[in-house]
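S.K.: Residue numbers (my numbering): 264 to 821. Positions of the beta carbon are idealized from the N, C-alpha and C atoms, including for glycine.
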Ligand code: GLC
Ligand code: CA
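1. Mapping the DSSP letters down to three states, classify residue 416 as helix, strand or coil.
2. Taking a cut-off of 5 Å, which residues have a beta-carbon closer than that to any heavy atom of ligand 2, in chain order?
3. Specify, as a first and last residue, the run of the beta strand (DSSP E) that residue 512 falls within.
4. Span of the beta strand (DSSP E) holding residue 814?
5. Alpha carbon to alpha carbon, how far is residue 427 from residue 469?
6. Between the alpha carbons of residue 463 and residue 346, how many angstroms are there, rounded?
7. What's the C-alpha gap between residue 558 and residue 644?
8. Have a look at the DSSP bridge pairing and note the partners of residue 341.
9. Could you check where the alpha helix (DSSP H) with residue 213 kicks off and where it finishes?
10. Would the region 764-771 count as touching the region 745-756 if we require 3 or more Cβ pairs under 8 Å?
11. State buried or exposed for residue 810, treating a residue as buried only when at least 16 other CB atoms are found within 10 Å of its CB.
12. Starting from the C-beta of residue 673, find all residues in its chain whose C-beta is less than 7 Å away, skip the five residues before and the five after it, and write them out in chain order.
13. Do you know how far the Cα of residue 435 is from the Cα of residue 808?
14. For the region 705-723 and the region 665-682, state whether three or more C-beta atom pairs, one from each stretch, are separated by less than 8 Å.
15. Helix, strand or coil for residue 657? Go by DSSP, reduced to three states.
16. Tell me, to the nearest whole angstrom, how far the beta carbon of residue 726 is from that of residue 636; I am working on the premise that it is less than 8 Å.
17. At the level of alpha carbons, what is the spacing between residue 341 and residue 775?
18. Alpha carbon to alpha carbon, how far is residue 669 from residue 450?
19. Looking at C-beta atoms only, is the number of pairs between the region 388-401 and the region 490-504 that lie closer than 8 Å three or more?
20. Does DSSP classify residue 285 as helix, strand or coil?
21. Measure how close the beta-carbons of residue 505 and residue 543 come, nearest whole angstrom, since I'm counting them as under 8 Å.
22. Residue 557: beta carbon under 6 Å from a heavy atom of ligand 1?
23. Classify residue 822 as helix, strand or coil using the three-state DSSP reduction.
24. Report whether the distance from the Cβ of residue 418 to the nearest heavy atom of ligand 1 is below 6 Å.
25. So the alpha helix (DSSP H) residue 595 belongs to, where does it begin and stop?
26. Quick check: is any heavy atom of ligand 3 less than 6 Å from the C-beta of residue 506?
27. Are the CB atoms of residue 409 and residue 384 within a distance shorter than 7 Å?
28. Assuming residue 318 contacts residue 690 under a Cβ cut-off of 8 Å, what Cβ separation, rounded to an integer in Å, is found between them?
29. If you run the structure through DSSP and keep just helix, strand and coil, what is residue 498?
30. Just to confirm before moving on: does the CB-CB distance between residue 815 and residue 549 stay below 7 Å?
31. What are the boundary residues of the alpha helix (DSSP H) that residue 408 is part of?
32. Taking Cβ positions, are residue 241 and residue 460 nearer each other than 7 Å?
33. Excluding the five sequence neighbours on either side, which residues of its own chain have a C-beta within less than 8 Å of the C-beta of residue 395, listed in chain order?
34. What separation, rounded to the nearest whole angstrom, lies between the Cα atoms of residue 344 and residue 305?
35. Go to residue 542, then tell me how far its beta strand (DSSP E) extends in each direction, as first and last residue.
36. Please return the same chain residues whose Cβ sits closer than 6 Å to the Cβ of residue 447, not counting the five positions on each side in sequence.
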């Protein structure tokens, strides 16, 4: 993905949280873990682009509800829905103007309630997106806050004490945008003013920086709880929390932000113990001890994760036919994170998301997409599939920015269902669509892949079923790296739980590869669960793995 300025900023924020690692050792993790997470497989839906039920060119909640049987058949058990609330949509809905109301273009609160209920009937839980750190500048709270007269909302946002404050250490500042004689701190784009959760270490020379327990920050916290309660009570099963690590400002060791989430988790464990939170933090060793059930690895913050599927400068990705980049680049980052979070929460490895271009499918053959999916769906933690990645959809290059998408826009195009008009996304004239459908003649579709036993969709289906059927492949099953070829492939890892042992071997490259497994791998038989039948062989020297180009194998050790 092109690292635009806001993303660099997010990366800096995330990096400043690294110091929190120390906290991970000291903090007590919550013990309550909703049982349904163990075998969950999530699916991210960008509501604009999934399915348009009323022909206005934009996806909506009824469209999602209509397509739930598709997700159910695929084996999906959780949905993360990007923001679907009232908004001027200058950042695709991450600029909320009413946290309690579904945006009319998507339907009504009743439609969302119906989606929750129908999903639950099919065994699917729905998580909403909690944009905790900021609102739209059109939000009535901000409109009141920016007024000259003191009012209930005066301290809900972060204001300097004069409009002539044009800079603030480590913060952006928006000057001249308000009635009151003050500048405000935005959280992301300039029209997303930061809600005031206070400063961990207020600067005595900047008296406008309020401590976390000042009345304004306390009121904002309570309101955030109200928002969560409102949607939990309507049937939401949790939230993905936007920019979760950056709520409290000037929080160099991150302790104050962690304490906030710890308090929220204790409240959830008491009142909503079956609900869960996943953070956009990308510091699992920090986020999980703070109270999150799951934390994402994300390309802007975790170079080892980014290297899996996406190029960095001249470096090819790890999952690439060249075989140039070793899986060690990822494992050196991942293994310590896994050790630090074991038994406390889950690392979520996404196939992609609405902020990430190119998509997994770009530049990969069907078989190469399959090897990547085999990895994602057999690793520990909780996998998240970005809509369309299960059919290897491509992101489009060179689209003009839509709703603040910029370089992210191409990864947000409509889902490709079938061979009908607009790939079955919408009956609107194609120039009315939210974003264009991939114009490629051979674009992948759900219908074509359902009919093809060798499709990526059918493989994803089989791998998800496998994951749910085997304790060793669950979120908490143990993980161990068994073999990494020096400077190459294969890569073999082991998952174990409750006496069950499963081996996964991967070769994403264009060359076949072969390796002798370490002697400690003892088995009388390797029962094939998925992939290459001939991959695991036994000879006088013990067990060997032989993998053709772009192939994998999942076996159960007997
Ligand atoms: C997160 C979202 C992104 C949004 C930003 C500001 O990074 O994933 O889409 O623009 O936060 O809310
Ligand atoms: Ca619509």
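M.R.: Quick answer:
1. In the chain shown, counting from the first residue as 1, residue 416 sits at position 153. Three-state DSSP puts residue 416 in coil, outside helix and strand.
2. 315, 317, 319, 321 and 323
3. Within the chain shown, numbered from 1, the residue matching residue 512 stands at position 249. Going by DSSP, residue 512 is part of no beta strand (DSSP E) at all; its letter is neither H nor E.
4. Working through the chain shown from its first residue, we reach residue 814 at position 551. Unbroken beta strand (DSSP E) run through residue 814: 814-820.
5. As a position in the chain shown, residue 427 is number 164, starting the count at 1. As a position in the chain shown, residue 469 is number 206, starting the count at 1. When rounded, the separation of the alpha-carbon atoms in residue 427 and residue 469 is 13 Å.
6. In the chain shown, counting from the first residue as 1, residue 463 sits at position 200. In the chain shown, counting from the first residue as 1, residue 346 sits at position 83. Looking at the two C-alpha atoms, the distance is approximately 28 Å.
7. By one-based count along the chain shown, residue 558 stands at place 295. By one-based count along the chain shown, residue 644 stands at place 381. If you take the alpha carbons of residue 558 and residue 644, they lie about 9 Å apart.
8. Indexing the chain shown from 1 puts residue 341 at position 78. According to DSSP, residue 341 bridges with 305 and 388.
9. With the chain covering 264 to 821 only, the question about residue 213 has no answer from this structure.
10. yes
11. Counting from one through the chain shown, the residue named residue 810 turns up at place 547. Buried, because 16 or more other Cβ atoms sit within 10 Å of the Cβ of residue 810.
12. Locating residue 673 in the chain shown gives position 410, counting from the first residue. These residues qualify, in order along the chain: 620, 658, 659, 660 and 662.
13. Along the chain shown, read from residue 1 onward, the residue named residue 808 stands at position 545. Along the chain shown, read from residue 1 onward, the residue named residue 435 stands at position 172. Cα-Cα distance, rounded: 53 Å.
14. yes
15. Here residue 657 is taken as the residue at index 394 of the chain shown, counted from 1. Coil.
16. Against the chain shown, residue 726 aligns to sequence position 463. Against the chain shown, residue 636 aligns to sequence position 373. That pair is a contact at about 6 Å.
17. Here residue 341 corresponds to residue number 78 of the chain shown, with the count starting at 1. Here residue 775 corresponds to residue number 512 of the chain shown, with the count starting at 1. Near 36 Å, if we compare the C-alpha coordinates of residue 775 and residue 341.
18. The sequence position of residue 669 within the chain shown is 406, counting from 1. The sequence position of residue 450 within the chain shown is 187, counting from 1. Those two C-alpha atoms are separated by around 18 Å.
19. Verdict: yes, contact present.
20. For the purposes of this step, residue 285 is identified with residue 22 of the chain shown, where counting begins at 1. Confidence in residue 285 is poor, its pLDDT being 36 and thus under 50, which makes the residue's placement unreliable; the coordinate value appears in the next sentence. Looking at residue 285 - three-state DSSP - the assignment turns out to be helix.
21. For the purposes of this step, residue 505 is identified with residue 242 of the chain shown, where counting begins at 1. For the purposes of this step, residue 543 is identified with residue 280 of the chain shown, where counting begins at 1. Sure, about 6 Å apart at Cβ, within 8 Å.
22. Your numbering for residue 557 matches position 294 in the chain shown. No, the beta carbon of residue 557 sits no closer than 6 Å to any heavy atom of ligand 1.
23. This structure gives no information on residue 822, because the portion of the chain shown stretches from 264 to 821.
24. Indexing the chain shown from 1 puts residue 418 at position 155. False, no ligand heavy atom lies under 6 Å from that Cβ.
25. Position 332 of the chain shown, counted from the start, is the residue given in the question as residue 595. Residues 591-604.
26. This structure lacks ligand 3; the ligands present are ligand 1 and ligand 2.
27. By 1-based counting over the chain shown, the position of residue 384 is 121. By 1-based counting over the chain shown, the position of residue 409 is 146. It is not a contact, given that the beta carbons lie outside the stated cut-off.
28. As a first step, residue 318 is located in the chain shown; it is residue number 55 there, counting from the start. As a first step, residue 690 is located in the chain shown; it is residue number 427 there, counting from the start. Between residue 690 and residue 318 the Cβ distance is about 4 Å, and since that is below 8 Å, they are a contact.
29. Position 235 of the chain shown holds residue 498. Coil at residue 498, not helix or strand.
30. Counting from one through the chain shown, the residue named residue 815 turns up at place 552. Counting from one through the chain shown, the residue named residue 549 turns up at place 286. Result no, Cβ atoms of residue 815 and residue 549 do not sit closer than 7 Å.
31. For this step, residue 408 is matched to residue 145 along the chain shown. That run of the alpha helix (DSSP H) goes 403-408.
32. Nothing can be reported for residue 241: it is not among the residues displayed for the chain, which extend from 264 to 821.
33. The residue you call residue 395 lines up with position 132 of the chain shown. Counting only Cβ-Cβ distances below 8 Å, and skipping sequence neighbours, we find 458, 487, 504, 505, 506, 507 and 510.
34. For this step, residue 344 is matched to residue 81 along the chain shown. For this step, residue 305 is matched to residue 42 along the chain shown. Near 10 Å, if we compare the C-alpha coordinates of residue 305 and residue 344.
35. Counted from its first residue, the chain shown places residue 542 at position 279. Element bounds for residue 542: 539-542.
36. The residue labelled residue 447 in the question sits at position 184 within the chain shown. Around residue 447: 420, 422, 437 and 456.
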